[in-house]
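Chains as they are written, first to last, in this note's numbering: chain A, 1 to 373; chain B, 374 to 752. Beta carbons: idealized from backbone N, C-alpha and C, even for Gly. First the structure, in the form of structure tokens, and then the observations on it.
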Amino acid sequence: MNLRTKAPEETTVVVGMSGGVDSSVTAHLLKEQGYNVIGIFMKNWDDTDENGVCTATEDYEDVIAVANQIGIPYYAVNFEKEYWDRVFEYFLAEYRLGRTPNPDVMCNKEIKFKAFLDHALRLGADFVATGHYARVDFIDGEHRLLRGKDDNKDQTYFLNQLSQDQLARTMFPIGHMDKKDVRVIAEEAGLATAKKKDSTGICFIGERNFKEFLSEYLPSQPGEMQTLDGVVKGRHDGLMYYTLGQRHGLGIGGDGDPWFVVGKNVEENILYVGQGFHHDALYSDALLASKLSWTGAVPEIEFRATAKFRYRQQDVPVTVAQLENGEVLVKFDEPQRAITPGQAVVFYDGDTCLGGATIDEAYRFGKRLDYIG
Amino acid sequence: MNYFDHAATTPMRPEVLEAMTPYFLAQYGNPSSIHGIGRTARAALDDSRRTLARFVGATPNEIVFTSGGTESDNYALFGAAEANAHKGKHLITTKVEHHAVLHAMEQLEREGFEVTYLDVDSTGAVSVEAVRAALREDTILVSIMYGNNEVGTIQPIADIGEVLIDHQALFHTDAVQALGTETIDVKALGIDLLSASAHKINGPKGIGFLFIKTGVKLATRSFGGQQERKRRAGTENVPGAVGFKTAAELIMVERSERIEQYHGLAEALLQRLDALEVEYEVNGSNRLPHIVNLYLPGIDLEPFLIMMDMRGVAISSGSACTAGSIEPSHVLTAMFGASERTKQSVRISFGQGNTRYDVEQLAERLAEVVSTFTNGVRK
Chain A
1 MNLRTKAPEE
11 TTVVVGMSGG
21 VDSSVTAHLL
31 KEQGYNVIGI
41 FMKNWDDTDE
51 NGVCTATEDY
61 EDVIAVANQI
71 GIPYYAVNFE
81 KEYWDRVFEY
91 FLAEYRLGRT
101 PNPDVMCNKE
111 IKFKAFLDHA
121 LRLGADFVAT
131 GHYARVDFID
141 GEHRLLRGKD
151 DNKDQTYFLN
161 QLSQDQLART
171 MFPIGHMDKK
181 DVRVIAEEAG
191 LATAKKKDST
201 GICFIGERNF
211 KEFLSEYLPS
221 QPGEMQTLDG
231 VVKGRHDGLM
241 YYTLGQRHGL
251 GIGGDGDPWF
261 VVGKNVEENI
271 LYVGQGFHHD
281 ALYSDALLAS
291 KLSWTGAVPE
301 IEFRATAKFR
311 YRQQDVPVTV
321 AQLENGEVLV
331 KFDEPQRAIT
341 PGQAVVFYDG
351 DTCLGGATID
361 EAYRFGKRLD
371 YIG
Chain B
374 MNYFDHAATT
384 PMRPEVLEAM
394 TPYFLAQYGN
404 PSSIHGIGRT
414 ARAALDDSRR
424 TLARFVGATP
434 NEIVFTSGGT
444 ESDNYALFGA
454 AEANAHKGKH
464 LITTKVEHHA
474 VLHAMEQLER
484 EGFEVTYLDV
494 DSTGAVSVEA
504 VRAALREDTI
514 LVSIMYGNNE
524 VGTIQPIADI
534 GEVLIDHQAL
544 FHTDAVQALG
554 TETIDVKALG
564 IDLLSASAHK
574 INGPKGIGFL
584 FIKTGVKLAT
594 RSFGGQQERK
604 RRAGTENVPG
614 AVGFKTAAEL
624 IMVERSERIE
634 QYHGLAEALL
644 QRLDALEVEY
654 EVNGSNRLPH
664 IVNLYLPGID
674 LEPFLIMMDM
684 RGVAISSGSA
694 CTAGSIEPSH
704 VLTAMFGASE
714 RTKQSVRISF
724 GQGNTRYDVE
734 QLAERLAEVV
744 STFTNGVRK
């Protein structure tokens with residue numbers, strides 16, 4: 001099924017509007033192209049204040065302003081329960097295990113392209129559109145998820161869990177543009193959000209202090225910082241506050257190279273540290289990942305691809321082997337630094353994002369790196 | 374006309390606009406001025422005040438113009454609380470009041486007053502007995518709305534007024550939603566303070582009044598000029614007052630006609646829904662005739678309202694927050710507890726332009742959209 005051939009004026013697109021410049025321009029472009037556009041603001045997080053007053057957020061005010069400027073109806077829809085159940089619970093569970101979750105991947109999979117998409121389809125929409133820097137194209141009978149043209153902004157890493165069904169109903173109208181051009185369009189159109197600062201960080205935490213936020217939900221258990229040889233180097237505030245390869249916040253002084261997080265022992269509540277950005281313990285040559293999902297047809301059992309292990313990293317050549325239990329073993333051509341359990345490994349064939357999985361374990365010379373947690 | 378949200382606001386009647394226009398263009402004077410054009414404005418203001426006093430059975434001196442229902446409620450509550458704090462600090466209201474009353478009460482609690490929020494029954498009505506039981510020696514104000522803005526239920530105002538005759542407590546009623554259809558006589562009902570608004574009765578936005586019974590002292594909330602007998606400073610909204618008056622005059626002539634119209638529309642709506650085999654229950658009873666609040670089992674409120682809007686039909690739910698926080702209606706929660714019903718009910722409110730034909734269309738659209746939830750279509 002390819003709905004993309006439908007005439008714009010007969011096509012209804014629900015745009016997920018966040019109040020930011022990217023989704024504003026997304027809605028604006030679709031409207032210019034003649035689509036029947038509806039703007040919907042997703043309220044995923046309850047920021048109700050202590051008086052129980054539900055505050056109309058600034059972001060929604062911006063959605064209203066932009067929607068009125070471009071002449072589309074707008075609504076706000078609440079997905080707080082879905083977000084809590086399907087994203088936030090997962091987020092906390094991963095931290096409890098000492099891992100570093102990626103709530104943005106989960107939010108795309110479960111909220112934006114599931115709960116929100118379902119909502120849009122129920123309203124009678126043909127597509128949802130978002131301001132992601134990614135592209136979808138219908139090639140050889142398949143909806144391909146392609147990298148955004150702006151290499152610096154490409155967000156396919158976060159979209160790796162989308163399926164054909166989801167991609168078939170998805171538009172990324174700014175995916176072929178550079179961020180700076182998006183700003184130019186916003187300014188030329190006089191959109192209220194043209195000069196608005198990009199949001200940073202995880203959506204529900206916003207600009208708040210991450211450590212403080214997390215401590216509201218999970219008890220922090222301070223413990224020892226040790227080298228892998230068992231030399232105590234100090235105290236940590238709680239394993240959940242640290243991620244592999246991290247330098248900041250360790251507070252270890254002394255001579256020589258700076259110190260980095262190289263591992264975690266959740267059972268004994270120990271944070272492992274090592275000296276030097278390129279500490280050998282941070283390197284691995286393979287990983288095991290689960291919760292595998294392909295954006296298109298399932299590839300061969302074993303295949304060559306490139307892969308990213310974190311956002312905004314150059315992808316590197318790998319060999320992917322699909323195991324019988326549904327997991328994947330990914331071997332890197334060159335050792336990689338700080339492969340982090342809980343993060344996504346995402347596979348590419350040229351510009352096509354093939355899909356991805358969640359990293360569980362890392363290996364070096366065939367041996368599991370137990371110390372990474 | 375597919376607008377069924379007249380409880381939110383109403384279109385202005387052309388007669389109202391016509392009556393107001395001269396006071397924007399030619400007779401733009403300030404009623405406090407000592408010259409001719411000022412006196413013309415003053416005459417129009419006083420004339421409006423006389424008519425509006427007659428509208429609710431008051432005398433002209435008892436009518437203080439405000440910016441609308443919310444200001445009237447706030448003035449009544451804060452003004453009465455402050456002026457009578459020496460007699461007591463206890464206030465009584467209900468759980469189904471408009472937020473202009475409820476949030477003002479919450480603020481008064483923060484300022485040291487004690488507030489009793491009375492329960493209602495499953496029809497949304499408060500009992501006279503409950504009011505009597507809640508009264509204390511130190512009660513200084515009872516605020517109970519005339520007719521509810523979400524479900525339309527009319528409260529036993531006359532009986533409550535009677536209970537309060539021998540008590541020091543002032544009796545305030547928010548009659549904003551009731552003015553279009555109910556014949557209100559503040560003297561007969563024992564009311565001390567009554568809030569009114571023009572835009573709910575086909576008048577202009579930005580004007581309302583507070584009836585303050587002669588002898589009742591309220592603490593002043595606004596300071597400046599000596600307008601409104603020093604009770605509400607600021608240059609008067611003369612065109613607004615004239616518009617309000619005109620809207621009230623129309624009601625006094627057409628009231629029974631309108632009531633009949635709304636009853637007919639409600640009946641037609643429910644009959645058509647029956648014919649279309651839509652499952653529903655009406656929330657509330659002994660209602661203001663223009664409000665029909667329907668429980669539609671199985672619907673999901675947010676998409677439901679959007680789908681109705683996409684079909685060009687304007688209806689509403691209790692109190693959705695603007696940024697997508699669906700707070701279950703406090704009115705329905707007071708009536709039914711924390712039930713699904715509070716999240717599956719919509720308000721239809723009739724007004725002047727609505728016809729039988731419109732209502733048939735409304736019923737068809739409702740049936741169509743309800744079926745997408747109950748038949749699993751596109752689910």
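Check	Outcome
Check distances from the C-beta atoms of the region 76–100 of chain A to those of chain B and list, in chain order, the residues that come in under 7 Å.	Ala76, Val77, Asn78
Tell me the residue span of the alpha helix (DSSP H) that contains Val21 of chain A.	21–32
Within its chain, find whatever has a CB closer than 7 Å to the CB of Gly253 of chain A; leave out the 5 residues flanking it on each side and keep chain order.	none
Using the rule of at least 16 other Cβ atoms within 10 Å of the residue's Cβ for burial, across every protein chain shown, is Asp492 of chain B buried or exposed?	exposed
Across which residues does DSSP place His763 of chain B in a beta bridge pair?	The requested residue 763 of chain B is not part of the displayed model; chain B covers only 374 to 752.
Determine the contact status of Tyr311 of chain A and Arg364 of chain A, defining contact as a CB-CB distance below 8 Å.	no
Could you please give me the residues that DSSP links to Asp36 of chain A through a beta bridge?	One detail in the question is off: residue 36 of chain A reads as Asn in this sequence, not Asp. DSSP output for Asn36 of chain A lists A:Thr12 as bridge partner(s).
Spell out whether any CB of chain B is found under 8 Å from the CB atom of Leu3 of chain A.	no
Is it true that the region 191–200 of chain A meets the region 157–169 of chain A, where meeting means three or more beta-carbon pairs spaced less than 8 Å apart?	no
In its own chain, which residues sit with a C-beta less than 7 Å from the C-beta of Gly245 of chain A, not counting the 5 before and 5 after it?	Phe260, Val261, Leu282, Arg337, Ala338
Which first and last residues belong to the alpha helix (DSSP H) in which Phe332 of chain A is found?	First-last for Phe332 of chain A: 328–337, but that is the beta strand (DSSP E), not the alpha helix (DSSP H).
Along the chain, which unbroken stretches of the alpha helix (DSSP H) at least 4 residues long are found entirely within the region 401–482 of chain B?	409–429, 442–457
On the CB-based measure, 16 or more other CB atoms within 10 Å of its CB, does Ile721 of chain B come out buried or exposed?	buried
Does chain A have any CB closer than 8 Å to the CB of Ser675 of chain B?	Per the sequence shown, residue 675 of chain B should be read as Glu rather than Ser. Answer yes: the Cβ-Cβ gap between Glu675 of chain B and chain A drops below 8 Å somewhere.
Does DSSP put Trp259 of chain A in a helix, a strand or coil?	strand
Val389 of chain B: buried (16+ other C-beta within 10 angstroms of its C-beta) or exposed?	buried
Comparing C-alpha positions only, which one of A:Glu361, A:Gly366, A:Val346, A:Gly342 sits nearest to Ala93 of chain A?	A:Gly342
Can you find the residues in the same chain that come closer than 8 Å, C-beta to C-beta, to Glu470 of chain B, ignoring five residues on each side of it along the sequence?	Met478, Ser516, Ile517, Met518, Asp547
Assuming Ile375 of chain A and Gly16 of chain A are in contact, meaning their beta carbons sit under 8 Å apart, how far apart are those beta carbons, in whole angstroms?	Only positions 1 to 373 of chain A appear in this structure, which leaves residue 375 of chain A out of reach.
Is the shortest distance between the beta-carbon of Arg310 of chain A and the beta-carbons of chain B less than 8 Å?	no
Does the structure place the region 350–363 of chain A close enough to the region 292–303 of chain A that three or more beta carbon pairs sit under 8 Å?	yes
Can you give the Cα-Cα distance for His463 of chain B and Glu510 of chain B, rounded to whole angstroms?	9 Å
With a Cβ-Cβ cutoff of 8 Å, do Lys468 of chain B and Ala707 of chain B count as a contact?	yes
In terms of alpha-carbon separation, which member of A:Leu117, A:Leu146, A:Val182, A:Gln221 lies closest to His236 of chain A?	A:Gln221
Tell me which residues share the same chain as Val14 of chain A and place their Cβ nearer than 6 Å to its Cβ, disregarding the 5 neighbours each side in the sequence.	Ile38, Ile40, Ala120, Ala125, Val128
Would you mind giving the Cβ-Cβ distance between Val732 of chain B and Ala641 of chain B, rounded to the nearest angstrom? I have them listed as a contact below 8 Å.	5 Å
Pull out every residue of the region 145–176 of chain A whose Cβ sits closer than 8 Å to any Cβ of chain B, in chain order.	none
Just reading off the beta strand (DSSP E) that Asn78 of chain A is part of, what are its end residues?	74–78
Tell me the rounded alpha-carbon separation between Gln164 of chain A and Glu652 of chain B.	38 Å
Expressed to the nearest angstrom, what Euclidean distance is found between the alpha-carbon atoms of Gly724 of chain B and Leu159 of chain A?	49 Å
Buried or exposed, going by whether 16 or more other CB atoms sit within 10 Å of the CB of Gln599 of chain B?	exposed
Using only the alpha-carbon positions, how far apart do Ala498 of chain B and Leu508 of chain B sit?	18 Å
What residues from chain B crowd round Pro73 of chain A, counting only those whose CB sits closer than 9 Å?	Ile679, Asp682, Met683
Give every residue of the same chain whose Cβ lies closer than 7 Å to the Cβ of Val21 of chain A, excluding the five residues on either side of it in the sequence, and list them in chain order.	Val182, Arg183, Ala186, Thr193, Ala194, Lys196
Report the neighbours of Leu123 of chain A on chain B: residues whose CB is nearer than 7 Å to its CB, in chain order.	Pro676, Ile679, Met680, Met683
Could you name the residues of the region 725–748 of chain B whose beta carbon sits closer than 9 Å to any beta carbon of chain A, in the order they occur along the chain?	Thr745, Phe746
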